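J.: Counting with the working numbering, you get residues 33 to 433 for the letters of the sequence shown. Below is the structure I would like to discuss, written out as structure tokens.
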Amino acid sequence: MSEIIGFSLENEMDLVLSHKRSMQVGEKIGLTVATRTTFATAVSEVARTVIDYTDNGTLSLAIEGNFPRFSIVARIAFSSDMVISANDEGFYYAKRLMPNFELVSVNGDYVIEMGLGLPRSLKLDKTKVSEFTAYFKNTSPLNAYEEIKNRNHELNKLNSVQEEELRQRKVLDEKKTEFISVASHELKTPVTVIKAYSQMLSTLKDETSDKVRAVLEKLNIQTSKLSTLIHQLMDVSRLENGNLQYDFEQIALRDFASETIIMLTSAHPHHQIDFQSEDVDLVMGDRLRLEQVFTNLIGNAVKYSAKGTKVLITLKKNDSGAAIMVQDNGIGMSKKELENIFSKFYRVEEVVSSHPGLGMGLYISSKIITDHGGKIWAESESGSGSRFYFTIPANPAAMES
Ligand code: ADP
């Protein structure tokens, strides 16, 4: 079947359209005035009855068949809770006017098909049929109503395409998260075992040569890095599933930050890490998660700045609790890049091949801070270092918005 024109049947104005369009199609095919009027009258009769029952109908005018036998067909589809039969009086005239009239129904979905055989004298063939289709595809609207209707139709089509794209993206994202979750859990066990063995070997100091000891130390450092990455991956999938767990308690932030920074200073011996602090009130927080944020920010400050440069951490009182700043003198970032750094898996293009990382740290840190009721942000300029800030309220009930 080659549809020539189709539209929905929603109200009386569509009745006018049904009649006019049927007449036009008949004229274009070459039907006599009497035949096309008969066809158009039957179509608008049925359209009227369907519009009486429901506003979900659709009308499609088409040419069916193969050379040399073609028919002009009107197909009207609709659904209705009411039981409708071909004997309904609304179909009376259409049945009398059209030689072929058929009503099929399945579970409240109805299709009425009616048509006329076309005379051979019209000399129809496949090319002509395609020409009619192309003609009506490009034809201008009959009136303002049809114009609006067409536009709405296009918009709805666009909307459903976008909705489908969104749905598919969501499915893909869920699959990716599931993969990350499974993969990180599978990786965790062997890495933990390797780490345990290498630590066991390092304790056998007397029985190993200096060379073996040096290798063991490297092995230990690398497995620790791997283990951190795996934990980050697990956090990302927990975060996606809304399962990041917290163990909140009162924390004396000054002491806590100082201890954490001392630990990190020994892990980054090639930078000068300074800590300046005011005395701040107790804050509510999860120690392990906050340690993770300090580790990420200070780790980045070190990673993205030259050896021997200074990293400054300050802790200050603010209105609702405490504010922390981590400042480096490293490569910095442009404004555009700054906008994205807290997004999942985002990395500045220049660092991708020069600095290791997966773009998960800041995404996780920002989630941890917002879950503490605080805020996290950064200031930077390309080539002039970066400053990362975060706040932690003393009382998460007074969460900052
Ligand atoms: P990773 O460092 O593993 O790539 P993060 O999520 O911690 O992931 O950081 C995201 C990106 O933000 C980094 O890839 C880097 O481009 C940029 N970035 C983060 N911290 C800094 C910093 N202190 N200086 C310059 N760029 C940074």
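Even glycine gets a Cβ: it sits at the ideal position worked out from N, Cα and C. Since this is a predicted model, take the numbers as computed values, not measurements.
1. Cα separation between Tyr229 and Asn252?
2. Does DSSP put Ala284 in a helix, in a strand, or in coil?
3. In its own chain, which residues sit with a C-beta less than 7 Å from the C-beta of Gly97, not counting the 5 before and 5 after it?
4. Would the beta-carbon of Ile212 be found less than 8 Å away from any heavy atom of the ligand ADP?
5. If Leu285 and Val315 are in contact, beta carbons under 8 Å, what's the gap, nearest whole angstrom?
6. Could you tell me the alpha carbon to alpha carbon distance between Ser269 and Ser213, rounded to whole angstroms?
7. Note down, in chain order, each residue of its chain lying with its Cβ closer than 6 Å to the Cβ of Leu394, except the 5 sequence neighbours on either side.
8. Give me the DSSP bridge partner(s) of Glu411.
9. At which residues does the alpha helix (DSSP H) containing Phe374 begin and terminate?
10. Do we get a CB-CB distance below 9 Å when we pair Ala410 with the residues of chain C?
11. Quick check on the DSSP output: the alpha helix (DSSP H) that includes Ala426 runs from which residue to which?
12. So the beta strand (DSSP E) Lys155 belongs to, where does it begin and stop?
13. Could you please go through the chain and list the residues whose beta-carbon is closer than 6 Å to any non-hydrogen atom of the ligand ADP?
14. When DSSP labels each residue in this structure, what does Ile61 get in the three-state scheme?
15. On the three-state DSSP scale, how would you describe Leu148?
16. Between the C-alpha atoms of Met33 and Pro100, what's the straight-line distance to the nearest angstrom?
17. Can you look up Ile104 in the DSSP assignment and give me helix, strand or coil?
18. Tell me which residues share the same chain as Gly38 and place their Cβ nearer than 6 Å to its Cβ, disregarding the 5 neighbours each side in the sequence.
19. Among all the DSSP beta bridges, which residues are the ones paired with Glu96?
20. List the endpoints of the continuous alpha helix (DSSP H) containing Asp313.
21. Examine the Cβ distances between the stretch 126-134 and the stretch 173-185 and report whether three or more of them are shorter than 8 Å.
22. So, helix, strand or coil for Lys349, using DSSP?
23. Which one or two residues does DSSP pair with Glu134 in a beta bridge?
24. According to DSSP, which residues form a beta bridge with Phe39?
25. Give the secondary structure of Val115 by DSSP, where H, G and I count as helix, E and B as strand, and everything else as coil.
26. With a Cβ-Cβ cutoff of 9 Å, do Arg107 and Val143 count as a contact?
27. For Ser433 and Gly364, what's the separation of their Cα atoms in angstroms?
28. If you drop the 5 nearest sequence neighbours on each side, which residues of the same chain put their C-beta closer than 6 Å to that of Leu135?
T.: Looking at the atomic coordinates:
1. 10 Å
2. coil
3. Ser103
4. no
5. 5 Å
6. 5 Å
7. Ile373, Phe374
8. Arg419
9. Careful: Phe374 lies outside any alpha helix (DSSP H) and carries neither H nor E.
10. Absent from the structure is chain C; it holds one protein chain and no more.
11. Unbroken run through Ala426: none, as it is neither H nor E.
12. Counting along the chain, Lys155 falls outside any beta strand (DSSP E), and DSSP gives it neither H nor E.
13. Asn328, Asn332, Ala333, Tyr336, Asp360, Gly362, Ile363, Gly364, Met365, Ile373, Tyr378, Arg379, Val380, Val383, Gly389, Leu390, Gly391, Met392, Gly393, Leu394, Tyr395, Ser418
14. helix
15. strand
16. 15 Å
17. strand
18. Ser92
19. Ser103
20. It is not in any alpha helix (DSSP H) - Asp313 carries neither H nor E in the DSSP assignment.
21. no
22. strand
23. Glu145
24. Leu91
25. coil
26. yes
27. In this prediction, Ser433 scores a pLDDT of 43, lower than 50, which makes its location untrustworthy; no coordinate-derived value is stated.
28. Ala118, Ile144
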